[in-house]
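Numbering (this note's numbering), first residue to last: 1 to 265.
Take a look at the structure:
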């Protein structure tokens, strides 16, 4: 049957169900914020972690903080011509990637009237084209071994009408369309595709979006059912779950980690 050779299968015990022991996980944008927290959680669950990003110094410090056996590679996801070389190097030096977390991203806060076509394209290149290219290049290895987990980091902007973030909203909405297409074409062959949709998580990116706009902060908190901002690790543990044997029958979904913001009034 399709997928019958996959290594990620229903587990027989609680620890085994959530263990990522023996897996190799690659996290883009893994040097700071949510990406760093995701890397930390994956490592705690037993995965061997590889992080990528644009800034060597930031990655080196992050790898050091994560501990032994964490590798880093300088890579800009928008430089898609270099993506096959990155995949070849990671596969040769570390092994076949079992878990990919497409986390790398950037933000832009501007009214529509001040947003240029180039700015729309720039954010799309980061969040969509970069993630698409890396996923496509890693897929052959996952398909060959009969299993894999790809996680896209979506956003509240994938669902909600938010002012002054049209570039970000366009890109993050497209991420969910990309998720559905990958799911339709490859989940019958043992590779699962899911998204985590963070709410308002306490990172520098969120701080930049809120800076100088106290009314925005009050409005956001008023619609979060738990009345608090999230922590990066909240996203990290969700990624661990969706990548684990416990979620072997889950594909094509977007899991909100938002304190109830999507259902808030």
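Each residue gets a CB set at the ideal place from its N, CA and C atoms; glycine is no exception.
Length at least 4, wholly inside the stretch 222 to 253: the alpha helix (DSSP H) runs in chain order = Taken in chain order, the unbroken stretches of alpha helix (DSSP H) that lie wholly in the stretch 222 to 253 and span 4 residues or more are 232 to 243.
C-alpha distance - residue 100 paired with residue 121, whole-angstrom precision | As a working mapping, residue 100 is identified with position 100 in the chain shown. As a working mapping, residue 121 is identified with position 121 in the chain shown. Looking at the backbone, the Cα of residue 100 and that of residue 121 are separated by about 24 Å.
Run the CB neighbour count on residue 167, radius 10 Å, all protein chains shown included, and call it buried at 16 or more, exposed below.
-> Numbered from 1 along the chain shown, position 167 holds the residue referred to as residue 167. Note on residue 167: 16 or more other CB atoms within 10 angstroms of its CB, so buried under the neighbour-count rule.
In the DSSP assignment, what residue or residues form a beta bridge with residue 100?
-> The sequence position of residue 100 within the chain shown is 100, counting from 1. Note: residue 100 is bridge-paired with 26, 150 in the DSSP secondary-structure output.
Within the same chain, show all residues whose beta-carbon is closer than 7 Å to that of residue 141, passing over the 5 residues directly before and after it, in chain order.
-> Looking up residue 141 in the chain shown gives position 141. 91, 96, 97.
Is the distance from the Cβ of residue 148 to the Cβ of residue 87 below 8 Å?
-> One-based indexing of the chain shown puts residue 148 at position 148. One-based indexing of the chain shown puts residue 87 at position 87. It is not a contact, given that the beta carbons lie outside the stated cut-off.
Counting along the chain, where does the alpha helix (DSSP H) carrying residue 18 start and finish?
-> What you label residue 18 is simply residue 18 of the chain shown in a count that begins at 1. Residues 14 to 18.
If we ignore side chains and look at the alpha-carbon of each, how far apart do residue 262 and residue 159 end up?
-> For the purposes of this step, residue 262 is taken as residue 262 along the chain shown, with counting starting at 1. For the purposes of this step, residue 159 is taken as residue 159 along the chain shown, with counting starting at 1. So the alpha carbons of these two residues sit roughly 8 Å apart.
Using CA coordinates, which residue listed in 250, 246, 228, 248 is at the minimum distance from residue 257?
-> Numbered from its first residue, the chain shown carries residue 257 at position 257. Selection 250, 246, 228, 248 evaluated against residue 257 yields 228 as nearest (Cα-Cα).
Length of the line joining the Cα atoms of residue 223 and residue 176 | Taking the chain shown and counting its residues from 1, the one referred to as residue 223 is at position 223. Taking the chain shown and counting its residues from 1, the one referred to as residue 176 is at position 176. Between the C-alpha atoms of residue 223 and residue 176 there is a straight-line separation of about 23 Å.
Let me know if residue 291 comes out buried or exposed under the rule of 16 or more other beta-carbons within 10 Å of its beta-carbon.
-> This structure leaves residue 291 out entirely; the chain is present only between 1 and 265.
Mark residue 40 as exposed unless 16 or more other C-beta atoms lie within 10 angstroms of its C-beta, in which case mark it buried.
-> Indexing the chain shown from 1 puts residue 40 at position 40. Counting Cβ neighbours within 10 Å, residue 40 comes out buried, since at least 16 surround it.
Would the stretch 120 to 138 and the stretch 63 to 77 be scored as touching if the rule is three or more Cβ pairs under 8 Å?
-> Counting Cβ pairs under 8 Å, three or more are found: they touch.
Quickly, what does DSSP pair residue 255 with across the bridge? List them, please.
-> By one-based count along the chain shown, residue 255 stands at place 255. Beta bridge pairing from DSSP links residue 255 with 196.
Note down, in chain order, each residue of its chain lying with its Cβ closer than 7 Å to the Cβ of residue 205, except the 5 sequence neighbours on either side.
-> Here residue 205 corresponds to residue number 205 of the chain shown, with the count starting at 1. Within its own chain, the residues whose Cβ lies closer than 7 Å to the Cβ of residue 205, once the five positions on either side in sequence are excluded, are 33, 107, listed in chain order.
Out of curiosity, what's the CA-to-CA distance linking residue 218 and residue 171?
-> As a working mapping, residue 218 is identified with position 218 in the chain shown. As a working mapping, residue 171 is identified with position 171 in the chain shown. Cα to Cα, residue 218 sits roughly 25 Å from residue 171.
When the Cα atoms are used, what is the spatial distance from residue 139 to residue 28?
-> If you number the chain shown from 1, residue 139 lands on position 139. If you number the chain shown from 1, residue 28 lands on position 28. Residue 139 and residue 28: Cα-Cα distance of roughly 16 Å.
So residue 104 and residue 126 are in contact, right, with Cβ under 8 Å, and what is the actual spacing, rounded?
-> Indexing the chain shown from 1 puts residue 104 at position 104. Indexing the chain shown from 1 puts residue 126 at position 126. The pair is a contact, with the Cβ atoms about 6 Å apart (cut-off 8 Å).
With a CB to CB cut of under 6 Å and the five nearest residues on each side skipped, what residues in its chain are close to residue 135?
-> Along the chain shown, one-based indexing puts residue 135 at 135. In the same chain as residue 135, and ignoring 5 residues on each side of it, the C-beta atoms closer than 6 Å to its own belong to 150, in chain order.
Report the option in 110, 221, 179, 211 whose CA atom is closest to the CA atom of residue 254.
-> In the chain shown, residue 254 corresponds to position 254, counting from 1. Ranking the options by Cα distance to residue 254, first place goes to 179.
Would you kindly work out how many angstroms separate the C-alpha atoms of residue 62 and residue 195, rounded to a whole number?
-> The residue labelled residue 62 in the question sits at position 62 within the chain shown. The residue labelled residue 195 in the question sits at position 195 within the chain shown. Taking the straight line joining both Cα atoms gives about 24 Å.
Residue 163, buried or exposed, once every other Cβ within 10 Å from all chains shown has been counted against 16 | Your numbering for residue 163 matches position 163 in the chain shown. Exposed: under 16 other Cβ atoms inside 10 Å.
With 16 other CB atoms within 10 Å as the buried threshold, where does residue 182 fall?
-> By 1-based counting over the chain shown, the position of residue 182 is 182. Taking a 10 Å sphere around the C-beta of residue 182, we find 16 or more other C-beta atoms and assign the residue as buried.
Beta-carbon spacing of residue 268, residue 37 below 8 Å | Only positions 1 to 265 of the chain appear in the structure, and residue 268 is not among them; the question remains open.
In the structure shown, what three-state DSSP assignment does residue 265 receive?
-> For this step, residue 265 is matched to residue 265 along the chain shown. Reduced to three states, the DSSP call for residue 265 is coil.
heavy atom of the ligand MN below 7 Å from residue 112 C-beta | Ligands in the displayed structure: none, and consequently the ligand MN is not present.
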